[in-house]
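I have placed the structure first, in the form of structure tokens, so that the comments after it can refer back to it.
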Amino acid sequence: MIKRDYHIHTAYSDDCIIPMETMVLSAIEKGMEEIALTDHVDYDYPDRDLPFVVNYDLYSQDYYALKEKYQDKINILFGVEIGLQPHLGSKIEELLAKYPFDFAIGSIHTVKRHDIYARRFWDNKSKVKGYTEYFEDVLECAKMHSCYRVFGHLDYVNRYGGFDDKTLYYKDYADIIDEILKTIIKGERGIEINTSGYRYGLNQTHPQRDILKRYKELGGEIITLGSDSHKDEHISADFDIAEQMLKDLGIHYLTKFSKLKPEMYKIGD
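Count the sequence shown with the numbering used here and you get residues 1147 to 1415, in order.
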């Protein structure tokens, strides 16, 4: 059993209402040895009702109190999920320099300043056009930003759009996906395996198996595993499926972080 969940949200994310301590206690109950709390920071997010900016002064008080309180039961990492956009640049670097982060996920939640969750982004778009625009932004941000340590839910665009068949086939986007993966690897960054795709009825992790296989073929090694939990019951959800997929692909190591520095560990240790 993999006992590290590197993608967990708390009430400090604007799309989560579960207190930090509740998430920590659930992780302990589920046998986790280490978790990364990765609340959303999405500067210039298009939905004004959801600013996605963390009050890190209050956050730090809660974090350090819980880290000390439960230090004999679990290691809690100071993490963040950063919403990447091409124009943000130094603003993200300033955040990472200001606080003692252990881990940083970089994710794309908006494309051309539109939330891909919103219907407006998909108006008059085919599936291929919408998915391609998403990957174009992923590539641009992968080239421009070095703030992240792993790229989050790499193909999660297929959660949305309302198409009868949401399936994203690697072969249909192979050229741009390969360029994204090569950029990530060249920058000494990695990807996460995000198990939330199963909760969205997609029957896949993000990224899907074929993309993960290609990442390995291209020499990618840095991989974390996260549930993307916004509810305490979702912590470590479907990790058994992800672990079997890793085994089938011949991937025997995952990555843990401290102070933004990676360290490989063998699955099962």
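The C-beta atom is built at its ideal place from N, Cα and C for all residues, glycine as well. Just so it is clear, the structure is predicted and the values come from calculations on it, not from any experiment.
For Ala1157, there is no enclosing alpha helix (DSSP H), since its DSSP letter is neither H nor E. Lys1258 and Tyr1294 have their alpha carbons spaced roughly 20 Å apart. In the structure shown, Glu1214 falls within a helical segment according to DSSP collapsed to helix, strand and coil. Between the region 1379-1386 and the region 1164-1182 there are three or more inter-stretch CB-CB distances shorter than 8 Å, so the stretches are counted as touching. For Arg1266, the closest of Tyr1209, Pro1192 and Leu1234 by C-alpha to C-alpha distance is Pro1192.
In terms of Cβ geometry, Phe1281 and Ile1337 do not form a close pair [threshold 9 Å].
Within the same chain, and ignoring the five residues on either side of Cys1287 in sequence, the residues whose Cβ sits closer than 8 Å to its Cβ are Leu1230, Gln1231, Pro1232, Gly1252 and Ile1254. Taking C-beta atoms as the reference points, Ile1413 and Ile1397 count as a pair closer than 9 Å. Per the DSSP secondary-structure output, Val1187 pairs in a beta bridge with Ile1228. Check the Cα spacing between Gly1307 and each of Lys1275, Met1391 and His1291: the tightest is with Lys1275. In chain order, Tyr1277, Lys1312, Thr1313, Leu1314 and Leu1348 place their CB closer than 8 Å to the CB of Asn1304, counting only its own chain and leaving out the 5 sequence neighbours on each side.
Fewer than three Cβ pairs drawn from the region 1155-1171 and the region 1233-1245 lie within less than 8 Å of each other, which leaves the two stretches out of contact. The residue from Phe1247, Glu1363, Ile1222 and Ser1342 with its alpha-carbon nearest to that of Val1187 is Phe1247. Between Val1226 and Leu1241, the gap from beta carbon to beta carbon is short of 9 Å.
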